[in-house]
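In the UniProt record's numbering, the protein residues as written are 1 to 956.
We put the CB at the ideal spot given by N, CA and C, even for glycine.
To start, the structure itself, in structure tokens.
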Amino acid sequence: MQSAVELPKENFENLSAKEFILIKGAKLHNLKNIDVAIPRNKLVVVTGVSGSGKSSLVFDTLFAEGQRMYVESLSAYARQFLARMQKPEVEYIKGVSPAIAIEQRVSSKNPRSTVGTTTEIYDYLKLLYARIGKTFSPISGKEVRKDTVDSVTEYIFSFPEGQKIIIASPLKNLSDRTLETELQILLQKGFTRILINDEVAFIEEFLEQKSENLAQKYWENIFVLIDRTAVKHNDEESRFRIADSVQTAFFEGAGECLVDFVGVEKKFFSDKFELDGITFEEPSIHFFNFNNPYGACKTCEGFGNVLGISEKLVIPNPNLSVYEDAVAPWRTEKMSEWKKEFMRKATLLYDFPIHRAYKDLSEAEKDLLWQGKKAKKEKDTIYGINDFFKFLESESYKIQYRILLYRYRGRTTCPDCKGTRIRKDASFVKINGKSLHELLLMPVEEVAEFFDKLALDEFEQKVAKRILTEIRNRLNYLLKVGLGYLTLNRATATLSGGEFQRIKLATALGSALVGSMYILDEPSIGLHPRDTQELIEVLLQLRNLGNTVVVVEHEEELMQVADYIIDIGPEAGARGGQIIFQGNKNDFDTKKFPLSKTLQYLSGKAEIPVPAFRRKWANSIWVKGARENNLQNIDVQIPLGIFCVITGVSGSGKSTLVKRILMPALSKHFDLTFSDENEVGAYDSLEGDLNLLSGVEYIDQNPIGKSSRSNPVTYCKAYDAIRELFAAQPLAKIRGYKAGAFSFNVEGGRCEVCKGEGEVRIEMQFMADIFVPCEACKGKRFIESILEVTYQGKNITEVLDLTVDEAITFFQKESKIIERLKPLEKVGLGYVKLGQSSDTLSGGEAQRIKLASFLDANLSKKGKKLFIFDEPTTGLHFQDIQKLLTALQLLVENGNSVLVIEHNVEIIKNADWIIDLGPEGGKRGGKICFTGTPEQMVALLSENYTARFLAKKLKK
Numbered sequence: 001m002q003s004a005v006e007l008p009k010e011n012f013e014n015l016s017a018k019e020f021i022l023i024k025g026a027k028l029h030n031l032k033n034i035d036v037a038i039p040r041n042k043l044v045v046v047t048g049v050s051g052s053g054k055s056s057l058v059f060d061t062l063f064a065e066g067q068r069m070y071v072e073s074l075s076a077y078a079r080q081f082l083a084r085m086q087k088p089e090v091e092y093i094k095g096v097s098p099a100i101a102i103e104q105r106v107s108s109k110n111p112r113s114t115v116g117t118t119t120e121i122y123d124y125l126k127l128l129y130a131r132i133g134k135t136f137s138p139i140s141g142k143e144v145r146k147d148t149v150d151s152v153t154e155y156i157f158s159f160p161e162g163q164k165i166i167i168a169s170p171l172k173n174l175s176d177r178t179l180e181t182e183l184q185i186l187l188q189k190g191f192t193r194i195l196i197n198d199e200v201a202f203i204e205e206f207l208e209q210k211s212e213n214l215a216q217k218y219w220e221n222i223f224v225l226i227d228r229t230a231v232k233h234n235d236e237e238s239r240f241r242i243a244d245s246v247q248t249a250f251f252e253g254a255g256e257c258l259v260d261f262v263g264v265e266k267k268f269f270s271d272k273f274e275l276d277g278i279t280f281e282e283p284s285i286h287f288f289n290f291n292n293p294y295g296a297c298k299t300c301e302g303f304g305n306v307l308g309i310s311e312k313l314v315i316p317n318p319n320l321s322v323y324e325d326a327v328a329p330w331r332t333e334k335m336s337e338w339k340k341e342f343m344r345k346a347t348l349l350y351d352f353p354i355h356r357a358y359k360d361l362s363e364a365e366k367d368l369l370w371q372g373k374k375a376k377k378e379k380d381t382i383y384g385i386n387d388f389f390k391f392l393e394s395e396s397y398k399i400q401y402r403i404l405l406y407r408y409r410g411r412t413t414c415p416d417c418k419g420t421r422i423r424k425d426a427s428f429v430k431i432n433g434k435s436l437h438e439l440l441l442m443p444v445e446e447v448a449e450f451f452d453k454l455a456l457d458e459f460e461q462k463v464a465k466r467i468l469t470e471i472r473n474r475l476n477y478l479l480k481v482g483l484g485y486l487t488l489n490r491a492t493a494t495l496s497g498g499e500f501q502r503i504k505l506a507t508a509l510g511s512a513l514v515g516s517m518y519i520l521d522e523p524s525i526g527l528h529p530r531d532t533q534e535l536i537e538v539l540l541q542l543r544n545l546g547n548t549v550v551v552v553e554h555e556e557e558l559m560q561v562a563d564y565i566i567d568i569g570p571e572a573g574a575r576g577g578q579i580i581f582q583g584n585k586n587d588f589d590t591k592k593f594p595l596s597k598t599l600q601y602l603s604g605k606a607e608i609p610v611p612a613f614r615r616k617w618a619n620s621i622w623v624k625g626a627r628e629n630n631l632q633n634i635d636v637q638i639p640l641g642i643f644c645v646i647t648g649v650s651g652s653g654k655s656t657l658v659k660r661i662l663m664p665a666l667s668k669h670f671d672l673t674f675s676d677e678n679e680v681g682a683y684d685s686l687e688g689d690l691n692l693l694s695g696v697e698y699i700d701q702n703p704i705g706k707s708s709r710s711n712p713v714t715y716c717k718a719y720d721a722i723r724e725l726f727a728a729q730p731l732a733k734i735r736g737y738k739a740g741a742f743s744f745n746v747e748g749g750r751c752e753v754c755k756g757e758g759e760v761r762i763e764m765q766f767m768a769d770i771f772v773p774c775e776a777c778k779g780k781r782f783i784e785s786i787l788e789v790t791y792q793g794k795n796i797t798e799v800l801d802l803t804v805d806e807a808i809t810f811f812q813k814e815s816k817i818i819e820r821l822k823p824l825e826k827v828g829l830g831y832v833k834l835g836q837s838s839d840t841l842s843g844g845e846a847q848r849i850k851l852a853s854f855l856d857a858n859l860s861k862k863g864k865k866l867f868i869f870d871e872p873t874t875g876l877h878f879q880d881i882q883k884l885l886t887a888l889q890l891l892v893e894n895g896n897s898v899l900v901i902e903h904n905v906e907i908i909k910n911a912d913w914i915i916d917l918g919p920e921g922g923k924r925g926g927k928i929c930f931t932g933t934p935e936q937m938v939a940l941l942s943e944n945y946t947a948r949f950l951a952k953k954l955k956k
């Protein structure tokens, strides 16, 4: 392990590229021509305050060079783009291993991409079910088997020596020939005897004795006698004869064969895959593939959901019974006849419980309510909810019915595949009683438990051994990265950045690569401190396989176990970009490295203080009966006028409560639009002191704009003032430039080759797309004549290249611009460049830019709002968390309410009130474990996970 002392230049040159990855003279962005030696096959954490240059070093320099070198090794087609790929600003990088970057950004928006497909678990499940899955008839529940010549022969030889047998095949009328003609053809083939009602008859004699009309009656009872013999165990010739006869019987009987074990039993065999009058599809990989038309559900075409009647809209309150108007469209006087008719017939004929709450009905009772029941007599036919909507569709030419129909339509889970995306009959194939449909709907932790207890016979074990190893390993890795609460059919596009990154990490572990370099961007995002421990084990396992693991991270626990820490700083932006510490926890010496803020916090010399007092509250709002996903029908009281934090282990139900229920409910109350891909979650009511709020603001980690041209300066509305300032310059007035000429969103002043992007996308067929600087404007985004207009010696491109801190100094005389930029500085984003593309901002940075837009001096005049934050500490160093807390407390001091979903203990200990969900994730979560102050939590709960980690901080 290297010393904590910075490496002298002469020592750096002598280091071996076999032991270190050597980066010489890195000066991209704000990096100050630094030399870095990263030890190989170690867990290395790169840390520092936000904007200090971590990503510039790790992603834009180290990984970019690794990618460039990879392209250099490829074909001539790939290498033609190499000259256009920007080489990192660095003297040289030696010892770079094949690099795999796992970032926070959810790169897949494909609606067909799921957790199962991304981790490759689904590929192995398809293979497993195709190889050893057994098909069961939905009618009798018996296994569907396809007989073969070998299986029939083996069955025959299971009988004792000397057992007499008759092998025959049913006479099939396949060509509309007469019986006489068919029998004549059999004679020509060489067959001489038939079986009629178990009696042997010669074909020629039968034809002579029976007239054609009489013979027709025998058609169904006639079998062609193929062979008569006896079982001889040690006679190979006998075995060959019987096998040949069985094969002939299958051929003549169109796949059917009769073996009469004389005096014992008769047994029919079929080489068709059928049972109970149903012909089943034979399991194959494509049979279970929802990305293939053959395997995809025919109703939803493999998407898992359809546009149909939404159960949640039809039954908005499942606590009501049918009698109490649980069915919303039957509440009107005009439609109440449907309700009365259903109750009368269902009660009389099926004893349907009309006074029982909808949520307490059995599946059969719900099915009766929705599907109804058809009968031969009209008076016995029961019309259900689906029949009601079919009636509305038939009458949809009437405007009132069309409106009623539209009111209850929504994106619903496919009724055929139940959201699994696979064709319905694939559910007939099972292993140990479970179909693939069932596994896809189970949380990963339950799927892992199923495979741990899987019982297979000797043959199945041989076939599935390798497949099961891959499945179990990948499931285990998902559990280790804290994602046991996800289902395998969960769409990848609905995952958070942290969840997606950990899924990619689990996939990387499942691939078991050796000698690679893994680069991760804050993998601890979205993890409760308890789950971080398991993540650390995964990273160490990745290292122990023989890989170099480089992690950009601020999590204290991860830094404590790292083999090597590189701290970049001391500040952000132009005041950062230097190596201020490198070493491990044994080298923590704040006196030797006084500039390192990371060491100050890790060594305990610095800390975020516990607030002197907790605010009291009197008013609140209530979410009653929250029961979406794993929420256990809970009533949650959310205090107003204070700083409240919702905590709990990963998957305990925090995001479901806030994003799927609270936020949509508040948006509906305040007549706002809340864009979320998911449907509104199930709950009973939103109550409390809603009149005290003027609105709600949800500040998440989604990008600040849909276009890559969106950036911080446009979002905070400072760019309008900057464009007006440039349009007011003498040269601009002479040329007649208006403010719009300085915009890269409209034609006129922007470069039309790159449309103001500054770079051009090159689509690569074999790897991620490459972005290269625009050759026309050289990345400046504007045409040359626009760049001739300057303000205090800088053109519009140079101004956009300033950081927020630099811009505040540069525009010190322009109060209108300063007023818009100051909030960005307050939330710790002084290092961000004004024109930085929203694509390059982390989720945490995007969230803080949104927060800055509300830290306006006139905010308190606009009414009191509830501000909801989703993990605002993402990407934040200890120092930046302090700034964030100041901003959040300022919102509360201005009369607002703040609600934060958070795992970071520094934020939790500063809360006025805690709502803790759990106790575990998935099905074992969704309950309220605690509500109260941090001190009360620590005093009252000893086994609670949050309380355990919180106690350490409060003791300090």
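- For Q582, the beta-bridge partners assigned by DSSP are I566.
- Within the segment 27-73, the alpha helix (DSSP H) runs of at least 4 residues that lie entirely inside it are, in chain order, 54-57, 64-72.
- Under DSSP, L866 forms a beta bridge with V696, S897.
- As computed with DSSP, I222 is found in a beta bridge with I196.
- Here the segment 869-879 makes contact with the segment 520-528; the two share three or more CB pairs at distances below 8 Å.
- The C-beta distance from D563 to V44 rounds to 7 Å, short enough to fall under 8 Å.
- Under DSSP, the beta-bridge partners assigned to C644 are L899, W913.
- Judged by DSSP secondary structure, Q637 falls within the beta strand (DSSP E) whose first and last residues are 634-639.
- Between Y831 and D805 a beta carbon distance of about 7 Å is seen, short of the 8 Å cut, so the two are scored as contacting.
- Straight across, the Cα-Cα distance linking G141 with G277 is about 13 Å.
- Cα atoms of I661 and F867: separation of roughly 15 Å, rounded to the nearest angstrom.
- The three-state secondary structure of T886, taken from DSSP, is helix.
- Under the three-state reduction of DSSP, P664 is assigned to helix.
- In the structure shown, V649 adopts coil according to DSSP, grouped into three states.
- Unbroken alpha helix (DSSP H) runs of no fewer than 4 residues, entirely contained in the segment 88-160, are found at 115-118, 121-132, 149-156, following chain order.
- L917 places its beta carbon less than 8 Å from that of I928.
- By the Cβ-count criterion, L187 is exposed, with fewer than 16 other Cβ atoms from all chains shown falling within 10 Å of its own Cβ.
- Following the DSSP letters along the chain, one finds K345 inside the alpha helix (DSSP H) bounded by residues 336-350.
- Taking 4 residues as the minimum length, the alpha helix (DSSP H) runs contained wholly in the segment 736-796 are 784-787, in order along the chain.
- By a beta-carbon distance limit of 8 Å, G419 contacts N305. Their separation comes to about 7 Å.
- D700 sits buried, since 16 or more C-beta atoms from the chains shown fall within 10 Å of its C-beta.
- Taking the Cβ atoms as the reference, N711 lies roughly 6 Å from S837, within the contact range of under 8 Å.
- Judged by DSSP secondary structure, P170 falls outside any alpha helix (DSSP H) and instead within the beta strand (DSSP E) spanning 164-170.
- In terms of CA proximity to F459, R131 leads the group L899, K94, R68, R131.
- In chain order, N319, S321 place their CB closer than 6 Å to the CB of A357, counting only its own chain and leaving out the 5 sequence neighbours on each side.
- Within the DSSP secondary-structure output, W622 pairs in a beta bridge with Q637, E687.
- Counting only residues of its own chain and dropping the five nearest sequence neighbours on each side, G863 has a CB closer than 6 Å to the CB of S694.
- Within the same chain, and ignoring the five residues on either side of V905 in sequence, the residues whose Cβ sits closer than 7 Å to its Cβ are P529, F949, L950, K953.
- At the C-beta level, L225 and V200 come within 8 Å of one another.
- Counting along the chain, no beta strand (DSSP E) covers S245; the unbroken alpha helix (DSSP H) around it starts and ends at 236-252.
- Assigned with DSSP and collapsed to three states, P443 falls in strand.
- Looking at T412, R421, G705, A375, the one whose alpha-carbon comes closest to that of G295 is R421.
- With contacts defined by Cβ atoms closer than 8 Å, M517 and V538 do not form a contacting pair.
- Collapsing the DSSP output to three states places S435 in a strand.
- With respect to I908, V645 sits close: the two C-beta atoms are nearer than 8 Å.
- Distances from the alpha-carbon of E814 to those of F782, R735, Y719, G895 put Y719 closest.
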